[in-house]
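A quick write-up on the structure given underneath.
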Amino acid sequence: MTEGKSRAPSDDAASVTAEASSRSRGIDACRVLAAVLVIWIHATSGVHFSPLIVHTTLGLIGVPFFTAAAMLFAVRHAYRGAALSALVMSRVRRILIPFVIWAVIYWVASDLIFGRILSGVPLTFEWREAMKGFTWHLWFLPFVFVMSTLAVLISRVTVRTAAVAAGAALCAILGAVAVFGVPATSDVSFARWPYELPVALVSLAGALAMQRRWVRVRTSGVVAATLWLGVVAFAVYGLLEGEPP
Numbered sequence: 265m266t267e268g269k270s271r272a273p274s275d276d277a278a279s280v281t282a283e284a285s286s287r288s289r290g291i292d293a294c295r296v297l298a299a300v301l302v303i304w305i306h307a308t309s310g311v312h313f314s315p316l317i318v319h320t321t322l323g324l325i326g327v328p329f330f331t332a333a334a335m336l337f338a339v340r341h342a343y344r345g346a347a348l349s350a351l352v353m354s355r356v357r358r359i360l361i362p363f364v365i366w367a368v369i370y371w372v373a374s375d376l377i378f379g380r381i382l383s384g385v386p387l388t389f390e391w392r393e394a395m396k397g398f399t400w401h402l403w404f405l406p407f408v409f410v411m412s413t414l415a416v417l418i419s420r421v422t423v424r425t426a427a428v429a430a431g432a433a434l435c436a437i438l439g440a441v442a443v444f445g446v447p448a449t450s451d452v453s454f455a456r457w458p459y460e461l462p463v464a465l466v467s468l469a470g471a472l473a474m475q476r477r478w479v480r481v482r483t484s485g486v487v488a489a490t491l492w493l494g495v496v497a498f499a500v501y502g503l504l505e506g507e508p509p
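In terms of the numbering used here, the sequence shown has 296 at position 32, counting the first letter as 1, and numbering is strictly consecutive.
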């Protein structure tokens with residue numbers, strides 16, 4: 265975007281179109297795999313094939329992958345000059361609106377149908393429950409929305425000056441160190457967010473480094489295959505040990 269020129273209304277639509285056309289099919293395929301793994305966790309909770317193997321460990325890679333991918337794409341699209349309003353609205357459309365729709369579905373099914381109609385339980389509404397979509401399965405969607413939107417805002421500030429970008433990346437790393445190991449509660453609320461916060465902060469720092477060309481990542485099939493073999497190796501290791509590596 266050229267300095268001193270205002271963007272025409274059509275530029276916002278063009279930015280969204282450019283963002284959609286730049287999507288990586290490989291990353292989208294990985295998102296499908298990550299979604300399957302997240303479902304695997306909940307579908308097999310409490311099921312053990314062997315006393316020595318907790319097979320749900322394999323699915324623990326799903327949510328961190330969604331978090332990292334959201335941060336990387338947010339920074340990349342912000343650095344490509346897309347309008348800030350278009351970037352934010354894109355995340356509202358892709359993350360926040362689906363979260364609200366599913367939260368309403370869960371509320372109607374659990375509170376209205378099974379609670380009020382079938383069991384006679386009075387209808388209730390709690391913001392604490394709403395933040396997790398009335399089911400703890402959806403807790404990470406508001407988290408990803410907030411973090412990716414912050415990544416967009418931070419990226420727009422760091423586009424012009426390398427020193428500011430370096431400071432933001434350093435603060436992100438220090439923040440990840442500060443919150444690493446903070447226990448997350450079993451109840452899904454804001455207290456649960458430290459579970460993925462280090463992943464989001466480290467991904468933000470890495471994405472800024474890539475966009476500033478401090479770190480270069482080759483986009484080749486060999487590199488991708490090597491990385492995926494590493495992911496599989498860590499997953500197998502965690503599977504055998506019964507804990508995430």
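Backbone N, C-alpha and C fix where the C-beta goes; we use that ideal spot for every residue, glycine too. Since the model is a prediction, treat every value here as computed from it, not as a measurement.
Is it true that the stretch 424-435 meets the stretch 334-352, where meeting means three or more beta-carbon pairs spaced less than 8 Å apart?
-> no
Run the CB neighbour count on I325, radius 10 Å, all protein chains shown included, and call it buried at 16 or more, exposed below.
-> Against the sequence shown, residue 325 aligns to sequence position 61. Buried: at least 16 other Cβ atoms inside 10 Å.
Under a three-way DSSP split, which group does M395 fall into?
-> Along the sequence shown, one-based indexing puts residue 395 at 131. Residue state, collapsed to three classes: coil.
Out of F398, L434, L465 and W371, point me to the one whose CA is closest to A334's CA.
-> Taking the sequence shown and counting its residues from 1, the one referred to as residue 334 is at position 70. When only C-alpha atoms are compared, the closest one is L465.
First through last residue of the alpha helix (DSSP H) which encompasses S374 = Taking the first residue of the sequence shown as 1, we reach residue 374 at position 110. Segment: none, S374 is in no alpha helix (DSSP H) and carries neither H nor E.
Grab the span of the alpha helix (DSSP H) containing F337 for me, first residue to last.
-> Position 73 of the sequence shown holds residue 337. Element bounds for F337: G326 to Y343.
Terminal residues of the alpha helix (DSSP H) in which T413 lies = Along the sequence shown, read from residue 1 onward, the residue named residue 413 stands at position 149. Run containing T413: F404 to T422, per the alpha helix (DSSP H) assignment.
Tell me which same chain residues have a C-beta within less than 8 Å of the C-beta of A473, skipping the five on either side of it?
-> Along the sequence shown, read from residue 1 onward, the residue named residue 473 stands at position 209. Contacts found: A433 and V479.
Drop a sphere of 10 angstroms on the beta-carbon of V302, count the other beta-carbons inside from all chains shown, and report buried for 16 or more, exposed for fewer.
-> Reading the sequence shown from its first residue, position 38 is the one you call residue 302. Flag for V302 reads buried.
Among residues of its own chain, excluding the 5 on either side of L336, which ones have a beta-carbon nearer than 7 Å to its beta-carbon?
-> On the sequence shown, residue 336 is found 72 positions in, with the first residue counted as 1. So the qualifying residues of the chain are S467 and A471.
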